[in-house]
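Going down the list, the sequences are from chains A and B.
For any residue, its number in the working numbering is found by taking its place in the first sequence, counting from 1, and adding 5.
For any residue, its number in the working numbering is found by taking its place in the second sequence, counting from 1, and adding 5.
All C-beta atoms in this analysis are idealised placements derived from N, C-alpha and C, irrespective of residue type, glycine included.
None of the values given here were measured: they were computed from a predicted structure.
Protein chains: 2
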Amino acid sequence: MRELTGQQVVDAIRAETEKTLEALGGYVPTLAIVRVGENVPQLSYEKGAKKRMQNFGLDVKTFVFPEDVTPEVFFQRFREINADSAIDGVLLLKPLPEQLDVRRAEQMIDPEKDLDGISPVNIARVFAGEEAGFAPCTAEAVMETLRTYEVPVHGKRAVVVGRSLVVGRTLAMLLLRDNATVTICHTQTKDLKEECKKAEILAVAAGRAKLIDRDYVSAGCVILDVGINADENGNLCGDVNPEGLSDLAAALTPVPRGIGAVTTSVLAKHLVQAAARRLL
Amino acid sequence: MRELTGQQVVDAIRAETEKTLEALGGYVPTLAIVRVGENVPQLSYEKGAKKRMQNFGLDVKTFVFPEDVTPEVFFQRFREINADSAIDGVLLLKPLPEQLDVRRAEQMIDPEKDLDGISPVNIARVFAGEEAGFAPCTAEAVMETLRTYEVPVHGKRAVVVGRSLVVGRTLAMLLLRDNATVTICHTQTKDLKEECKKAEILAVAAGRAKLIDRDYVSAGCVILDVGINADENGNLCGDVNPEGLSDLAAALTPVPRGIGAVTTSVLAKHLVQAAARRLL
């Protein structure tokens, strides 16, 4: 079984963005990170994103608002950030505190700067199978992994476990765009084992530690594990239990160092794309 | 095999809208039909829609523009129609002539009056599995048919053949919202027969006359035929060939007098819903 680590995918994405940056002739795209409050997972994602942008030669501006910011102040500033021609892309860290209507922010974000695909315009583009928009970065990270490791998707039976908007549903549409025959499974699926066994490509974004083991996998299957959970000993683990898969599956993304490691690189790619679409 | 005719579904939808109209205490919702030019299929759909609205006790105003209307004139008027508080719902007949950017119209239509779900806001709602928006009427007509004939969807294996935005993809999301396990098939699907045979509910919106016959169907399957085609003799036929299905399938919608007959009733239902959401 091949281990599809994220680093190789990151390297491939960086090589691609470097070409685009060359075409931009020295222009350095700038990402605006918008954060409200001091939520720990958000701070951690922000730190990772900043490091990745630096590493890709991109700029970051951080806009931090106090937890109790008023809607008036926040949305006026958010509008300005989106309109600022010195900013190429916007990442809004979620969730927002109660007083801020997240729908209003999603509808306000400039679709051409909406790098993580939260605008209805981009969601509609993803659903329609169009190339124009930005899809949420984690779902794109799965597709980048398939591309980098040259896993054929066209005509394959793909099964997606999980139906969140940001991962499961989006990933189903991205696989469909690449001409897979796609099945979406979820907690109400009657015989998850049987469904998963039909998969040539199995993408798991269920958010349940070690939900999928060898009983769910047919020989030769390529497995993408989008889960990030803590196991019974507090260690990081995916939605897939890798034990006993090595002689069965063709390939598996590890957790950690798999899909999760690719997400911020997709964000960087989207930033460079946004700048290129505007300037080239 | 049961024949799931549209009339019974229409009657059920009318009974439902009558209740809502009672709650609206005599208020008569008004549909604005917006048409550019004299395209024959559009005229025919308009005629059917008007008749249905009348039949449901609803008002229609038709706004007709010449084929060569300028974008300035059209979009200003379209904006006014959407803003008009005497209009509860808007149906824009498509396609538009070349000089009119359909994307602009889709983004301009008021999502709360967008009865056929063309606004990105409504498309995003459908994709997210939310109840709030309006889905395209034809896809909803399939769901109304399943509801009227009390076909259970929860936990069932549903296969959708066809991936158009308006029918296939939307229908997949509506079936998923009702907790089916959904597979989307299309022209690039490797073994369509095998995929279809796994279906407990088979919805066909491929746009190919008699694509599906008994070789694609397992015993007890409920088949929804969304196709409207002309056969070799010029007669109306669906995407499903009904020959030899009667001892195999549990149920089938006929063509004509099936799903197609339900679509304008869903439009009427959406109109009444739009009025009720605004006024109740």
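| message | Between which residues of its own chain and Asn234 (chain B) is the CB-CB distance below 6 Å, once the five residues before and five after are set aside? | response | Sequence-distant Cβ neighbours of Asn234 (chain B) in its own chain, meaning closer than 6 Å and more than five residues away, are Ala214 and Cys242.
| If you run the structure through DSSP and keep just helix, strand and coil, what is Lys118 (chain B)? | Looking at Lys118 (chain B) - three-state DSSP - the assignment turns out to be coil, as it is neither helix nor strand.
| message | Here's the rule: buried if 16 or more other CB atoms are within 10 angstroms of the residue's CB, otherwise exposed. What is His159 (chain A)? | response | So His159 (chain A) counts as exposed.
| C-beta atoms of Ile217 (chain A) and Asp244 (chain A) nearer than 9 Å | Going by beta carbons, Ile217 (chain A) and Asp244 (chain A) fall inside the 9 Å limit.
| message | Using a Cβ distance threshold of 8 Å, determine whether the region 176 to 187 of chain A contacts the region 187 to 198 of chain B, with at least three qualifying pairs required. | response | The count of Cβ pairs closer than 8 Å, one atom from the region 176 to 187 of chain A and one from the region 187 to 198 of chain B, reaches three, so the stretches are in contact.
| task | Output, in sequence order along the chain, the residues in the region 170 to 194 of chain A whose CB is closer than 7 Å to any CB in chain B. | result | Against chain B - using a Cβ distance shorter than 7 Å - the residues of the region 170 to 194 of chain A are Leu170, Arg174, Leu181, Asn184, Thr186, Val187, Thr188, Ile189, Cys190, Gln193 and Thr194.
| Start and end residues, beta strand (DSSP E) containing Leu96 (chain B) | Start and end: Gly94 to Leu97.
| said: Taking the straight line between their C-alpha atoms, what separation do you get for Gln73 (chain B) and Gly122 (chain A)? | reply: Per the sequence presented here, residue 73 (chain B) reads as Asp, with Gln not at that position. About 36 Å.
| message | Going by DSSP in three states, Cys226 (chain A) sits in which element: helix, strand or coil? | response | DSSP, reduced to helix, strand and coil, places Cys226 (chain A) outside both helices and strands of the structure shown, so it counts as coil.
| Span of the beta strand (DSSP E) around Asp73 (chain A) | Neither: Asp73 (chain A) is in no beta strand (DSSP E) and is coded neither H nor E.
| field | Where Ile128 (chain B) meets chain A, residues with beta-carbon distance less than 8 Å | value | Correct list: Pro125, Ile128, Ala129, Phe132 and Ala133.
| request: Using a Cβ cut-off of 9 Å (strictly closer), state whether Lys161 (chain B) contacts chain A. | output: Closer than 9 Å: yes.
| So Arg40 (chain B) is in the beta strand (DSSP E); what residue range does that whole segment cover? | Where Arg40 (chain B) is concerned, the enclosing beta strand (DSSP E) stretches over Thr35 to Val41.
| message | For Glu200 (chain A), would you say it is in contact with chain B, using Cβ-to-Cβ distances shorter than 9 Å as the test? | response | At least one chain B Cβ lies under 9 Å of Glu200 (chain A).
| field | Distance between Arg262 (chain A) and Leu9 (chain A) (C-alpha atoms, nearest Å) | value | The straight-line gap from Cα to Cα measures roughly 9 Å.
| task | Compare the C-beta of Arg84 (chain A) with all C-beta atoms of chain B and state if any pair is closer than 9 Å. | result | Chain B places no beta carbon closer than 9 Å to that of Arg84 (chain A), leaving this residue out of the contacts.
| Under a three-way DSSP split, which group does Asn127 (chain B) fall into? | Correct three-state label for Asn127 (chain B): helix.
| request: Report yes if the C-beta distance between Val1 (chain A) and Leu253 (chain A) is below 9 Å; otherwise report no. | output: Within the shown structure, residues of chain A are numbered from 6 to 285, placing residue 1 (chain A) beyond reach of any answer.
| Which full runs of the alpha helix (DSSP H) of 4+ residues lie inside the region 150 to 204 of chain A, going along the chain? | Listed in chain order, the complete alpha helix (DSSP H) runs (minimum 4 residues) inside the region 150 to 204 of chain A are 175 to 182 and 197 to 202.
| task | Determine the DSSP secondary structure at Thr67 (chain A), reduced to helix, strand or coil. | result | In the structure shown, the three-state DSSP call for Thr67 (chain A) is strand.
| Top-ranked residue by Cα proximity to Leu120 (chain A), from A:Ala17, A:Ala280 and A:Leu101 | Closest option to Leu120 (chain A), judged by alpha-carbon separation, among A:Ala17, A:Ala280 and A:Leu101: A:Ala280.
| Residue from B:Leu105, B:Ala20 and B:Gln112 whose Cα sits closest to the Cα of Phe79 (chain B) | Scanning B:Leu105, B:Ala20 and B:Gln112 for the CA closest to the CA of Phe79 (chain B) turns up B:Leu105.
| In chain order, what residues of the same chain lie with their CB nearer than 6 Å to the CB of His275 (chain B), ignoring the 5 residues before and after it? | So the qualifying residues of the chain are Leu120 and Phe139.
| said: Could you check whether the Cβ of Arg282 (chain B) sits closer than 9 Å to any Cβ belonging to chain A? | reply: No, Arg282 (chain B) does not count as interfacial toward chain A.
| query | Would DSSP call Ile233 (chain A) helix, strand or coil? | reply | Here Ile233 (chain A) carries a coil assignment [DSSP, helix/strand/coil].
| Below-9 Å beta-carbon distance, Gln109 (chain A) vs any chain B residue | Inspection of the sequence shows that residue 109 (chain A) is occupied by Arg rather than by Gln. No, Arg109 (chain A) lies away from the interface with chain B (no Cβ there is under 9 Å from its Cβ).
| request: Have a look at Ile128 (chain A) and Ile128 (chain B) and give me their C-alpha separation to the nearest angstrom. | output: C-alpha separation (whole angstroms): 8 Å.
| Does the beta-carbon distance from Gly167 (chain B) to Gly225 (chain B) come in below 9 Å? | No, these two residues do not count as a Cβ contact at 9 Å.
| task | With 7 Å as the C-beta to C-beta threshold (strictly closer), list the residues of the region 199 to 218 of chain A near chain B in chain order. | result | The region 199 to 218 of chain A vs chain B, Cβ under 7 Å: Glu200.
| Taking the continuous alpha helix (DSSP H) assigned at Ala281 (chain A), which residues delimit it? | Ala281 (chain A) -> alpha helix (DSSP H) spans Thr268 to Leu284.
| task | Tell me, to the nearest whole angstrom, how far the beta carbon of Ala210 (chain B) is from that of Ala163 (chain B); I am working on the premise that it is less than 8 Å. | result | About 13 Å separates the beta carbon of Ala210 (chain B) from that of Ala163 (chain B), a gap too long to meet the 8 Å contact definition.
| Nearest to Asp220 (chain A) (by Cα), restricted to the options A:Ser251, A:Gly239, A:Val231 and A:Gly232 | Looking only at A:Ser251, A:Gly239, A:Val231 and A:Gly232, the smallest Cα-Cα distance to Asp220 (chain A) is reached by A:Ser251.
| field | Coarse secondary structure for Glu51 (chain A), derived from DSSP in three states | value | Helix at Glu51 (chain A).
| field | Closest residue to Glu136 (chain A) among A:Ser270, A:Val69 and A:Glu117 (Cα-Cα distance) | value | The residue with the shortest Cα to Cα distance from Glu136 (chain A) is A:Glu117.
| What in chain A is Cβ-close to Arg168 (chain B), meaning under 8 Å? | What Arg168 (chain B) touches in chain A, judged by beta-carbon distance under 8 Å, is Gly134 and Leu181, going in chain order.
| Per DSSP, what kind of secondary structure is Leu353 (chain B) in: helix, strand or coil? | Since the displayed chain B opens at 6 and closes at 285, residue 353 (chain B) lies outside it and no answer follows.
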